[in-house]
Amino acid sequence: MWLRDELLKSIWHAFTALDVDHRGKVSKSQLKVLSHSLCTVMKIPHNPVALEEHFKDDNKGPLSNQGYMPYLNRFILDKVQEEFDVVEFNKICWLLCYKKNISTKHLLFSEDKAFKVWCIFNFLSEDKYPLVIVMEEIEYFLQRLTEAMGIGWNEEKFADYKLQLKTNNCLTAWELIELVGMGYFSQGINLQTLSMGITEVFQELILDVLKQEYMMKKGHKRKNWTERWFVLRPHSLSYYVCEDLLEKKGDIILDRTCCVESLPDKEGKKCLFIIKCKDKSFEISASDKKKKQEWLQAIQTCIQQLRLGLSSPHREARLRRKELRQRQQAEEHDVTERMRRLQVVNENKQRQLEGMRKKIEEAAAEAAMEDHRRRQTELELQDRHRLDLEREKMVRQQMEEQVAQKSCELEQYLERVRELEDMYHRLEGALEDERQAKQDEEAMRKLQARLLEEEAAKRAELEQIHLQQQRALSQTEAEKRELEAEQRAKERELQAAMLQLESLERERHGALEQYEKVSRKLERAATKTKTWKDKVAQHEGLVRLIQPGHKGPQRITNWGPASFTDAELELRKKSWQESKNQGAAAQ
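Position 58 (the sequence shown) corresponds to 1176 in my numbering; numbering is contiguous.
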């Protein structure tokens, strides 16, 4: 069962948020809605008539916090009979107050993580209103948060932060949320690590989660081994399907009669231990020996706490820290009281000493007056002698001053003469330097004139050379253009010659082909002629035609008397000569 003071802290935040005018009073209709919501979450019947009866004598306006707290204790908190969802209870109070006090847009984490920090504040804050968290609890929370994020605790940075605080070393809920949300103690850590660290601390402090991990559990009916997500709290060990805690498979209720023992390895399972309760035992297998020992020690600690009648470890630690602070405050109060008494005694002694000092001062004053009168007489005599001595001293000083003045004037005159002589010598040297400079200047001017003449002559010579170079360049350019024209003409002629050569080459190839054809024809003709010669030789008398003979002398041939005339022979000769010339031309 949750402590009543922790529930009242959340309700106080909601009541303060409904107090818009900051007068400590809230309208009755708003309190009715708040009371109905609280009754719904805490699973108790809501009686709206009880609120009217409780405040029947207070109908002048809004209701104060002093009047509403007795109503909460009597009609709501006293009627709680069973466990309820305390997170949902805190959520209702959170929704009423957070938007009016802080904006989560500039924070490094989400609204859900801000709500968890708010719940942690309510757990660690003092039991006085308005609620604040002292510096010791802030340090405890930040140490737990840095350990959950896996980073080291920076003591020097926290000391610097305490020096920067302008308030009385305490923070409100919204200041604590901003401190964590702005990342002052988590620089260099990503948002996911910060969120996981807040969730882990929230589970430890608010949900009383002492340890959680996957382990294997042996079933009671089928005796099979199943992996479950185990969550250890001060009064129970719950197991779920997975770590999102949505589907609970069962609870192992811990009491004074329970015990936990180690088991030897069996059925292929290692790192076994058993939890024995009144009516049932549970066999569980851890992942390794180290985890098994941690679980044994954690469960045994819970059982020992129950046997001693103690609450959760975190609440016991908070109570011890609170008692320690109270003892320290009491000791500081005692020290302050002793210091105050010593200061009073010291002041009394100071007053006594002051009285004695005044008496001594009065006696000293009387003695001083008597001494003053005696000294006054002596001083008058001394004054007369001193005046005479001063007159003589003044005359002597005047004479010495006049002598010193004359000596000073003489020294100044002599110094002036030395300065004039020195100035005269410097002027002579300056005139000599000036004459030498003028001579050097004249020589330099002549040298410069000669150099200018030489430069002019060289410039004219260079201009002539430049003109010659220009003419030579122009002539070279003209020759170059002529050569280029000749080269282009030769290239054109060369191209024409190449074309003609290619044409002649083609003609030569054609003539060779024709020559080869004529040669073949000539060979065939020669073959035929030889054949015919043979035949004519054999049949010479038969092939000769009978015709009238020529009256002139007959031409004799190799085959006998000619069978053709001279005109026909000339024609045959011309034809043979032309074919010969064509063959030679083709070659």
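Beta carbons are placed, not taken as given, at the ideal position from N, Cα and C, and that holds for glycine. This one's a predicted model, so the numbers in the text were calculated from it and none came from an experiment.
Alpha-carbon spacing of residue i relative to residue j, whole angstroms
i: ARG1475; j: GLU1496; result: 31 Å
i: MET1187; j: LYS1329; result: 36 Å
i: LEU1364; j: TYR1358; result: 8 Å
i: CYS1154; j: ILE1210; result: One detail in the question is off: residue 1154 reads as His in this sequence, not Cys. For HIS1154 and ILE1210, the distance between alpha carbons rounds to 11 Å.
i: LEU1136; j: GLN1148; result: 8 Å
i: VAL1521; j: ALA1485; result: 51 Å
i: CYS1360; j: LYS1367; result: 10 Å
i: ILE1129; j: THR1290; result: 15 Å
i: GLU1597; j: GLN1588; result: 14 Å
i: LYS1394; j: GLN1422; result: 14 Å
i: LYS1564; j: ASP1558; result: 10 Å
i: THR1419; j: LEU1323; result: 17 Å
i: HIS1432; j: PHE1202; result: 20 Å
i: PRO1163; j: CYS1157; result: 6 Å
i: GLN1695; j: LEU1601; result: 51 Å
i: PHE1276; j: GLU1255; result: 13 Å
i: VAL1661; j: TRP1650; result: Annotation note: pLDDT 44 at VAL1661 (below 50); position unreliable, coordinate value reported separately. The alpha-carbon atoms of VAL1661 and TRP1650 are separated by roughly 11 Å.
i: GLU1296; j: THR1134; result: 19 Å
i: THR1645; j: ASP1652; result: 11 Å
i: GLY1628; j: GLU1609; result: 28 Å
i: ASP1540; j: ASP1551; result: 17 Å
i: GLN1321; j: ASP1369; result: 18 Å
i: MET1119; j: THR1454; result: In this predicted model, MET1119 has a pLDDT of only 40, less than 50, meaning its place in the structure is not dependable enough to derive any value.
i: GLN1516; j: HIS1543; result: 41 Å
i: GLU1537; j: GLU1529; result: 12 Å
i: ARG1638; j: ASN1699; result: 17 Å
i: GLY1719; j: GLY1268; result: The chain is shown from 1119 up to 1705; residue 1719 falls before or after that span and cannot be answered.
i: HIS1503; j: ARG1493; result: 15 Å
i: LEU1687; j: SER1697; result: 16 Å
i: GLN1605; j: GLU1611; result: 10 Å
i: GLY1547; j: ALA1561; result: 21 Å
i: ARG1469; j: GLU1498; result: 42 Å
i: PHE1173; j: ASN1165; result: 14 Å
i: GLN1523; j: TYR1531; result: 12 Å
i: ILE1371; j: ARG1351; result: 10 Å
Helix, strand or coil at residue i [DSSP, three-state]
i: SER1354; result: strand
i: MET1334; result: strand
i: GLU1401; result: strand
i: SER1429; result: coil
i: PHE1348; result: strand
i: GLY1368; result: strand
i: LYS1246; result: coil
i: LYS1339; result: coil
i: CYS1157; result: helix
i: LEU1663; result: Reliability of the predicted coordinates at LEU1663 is poor, the pLDDT of 46 falling under 50, and the value obtained from them is presented with this limitation in mind. DSSP places LEU1663 in coil when its eight states are reduced to three.
i: TRP1677; result: Caution applies to TRP1677, whose pLDDT of 48 falls short of 50 and renders its modelled position unreliable; the value that the coordinates give is listed next. Coil, per DSSP.
i: GLU1573; result: helix
i: CYS1376; result: coil
i: LYS1388; result: coil
i: ILE1478; result: helix
i: CYS1237; result: helix
i: CYS1526; result: helix
i: LEU1281; result: helix
i: LYS1691; result: helix
i: LEU1325; result: coil
i: VAL1319; result: helix
Inter-residue CB distance, residue i and residue j (contact presumed, cutoff 8 Å)
i: GLU1385; j: ILE1392; result: Going by Cβ atoms, the distance from GLU1385 to ILE1392 rounds to 13 Å, so no, they are not a contact pair.
i: LEU1152; j: ALA1168; result: Contact flag wrong, Cβ pair sits at about 14 Å.
i: ASN1287; j: LYS1280; result: 7 Å
i: VAL1327; j: ILE1238; result: Actually they are not in contact, since the Cβ atoms of VAL1327 and ILE1238 sit about 13 Å apart, beyond 8 Å.
i: ARG1436; j: LEU1242; result: 7 Å
i: PHE1227; j: VAL1159; result: At roughly 25 Å, the Cβ-Cβ gap does not stay under 8 Å, so PHE1227 and VAL1159 are not in contact.
Where residue i falls, given that 16 or more other Cβ within 10 Å makes a residue buried
i: TYR1216; result: buried
i: ALA1266; result: buried
i: ALA1685; result: exposed
i: LYS1398; result: exposed
i: LEU1390; result: buried
i: GLY1299; result: buried
i: LEU1283; result: exposed
i: ASN1464; result: exposed
i: ILE1063; result: Given a span of 1119 to 1705 for the chain in the structure shown, any question on residue 1063 remains unanswerable.
i: LEU1663; result: Residue placement at LEU1663 is flagged as unreliable, the pLDDT there being 46, under the threshold of 50; the coordinate-derived value follows with that caveat. Under this definition LEU1663 is an exposed residue.
i: PRO1248; result: exposed
Original post:
Three or more beta-carbon pairs under 8 Å between the stretch 1379 to 1397 and the stretch 1308 to 1317, yes or no?
Top reply: no
**OP:** Pair every Cβ in the stretch 1330 to 1344 with every Cβ in the stretch 1259 to 1268, then say whether three or more of these pairs are closer than 8 Å.
**Re:** no
Original post:
Does the count of Cβ pairs from the stretch 1215 to 1223 and the stretch 1405 to 1413 closer than 8 Å reach three?
Top reply: no
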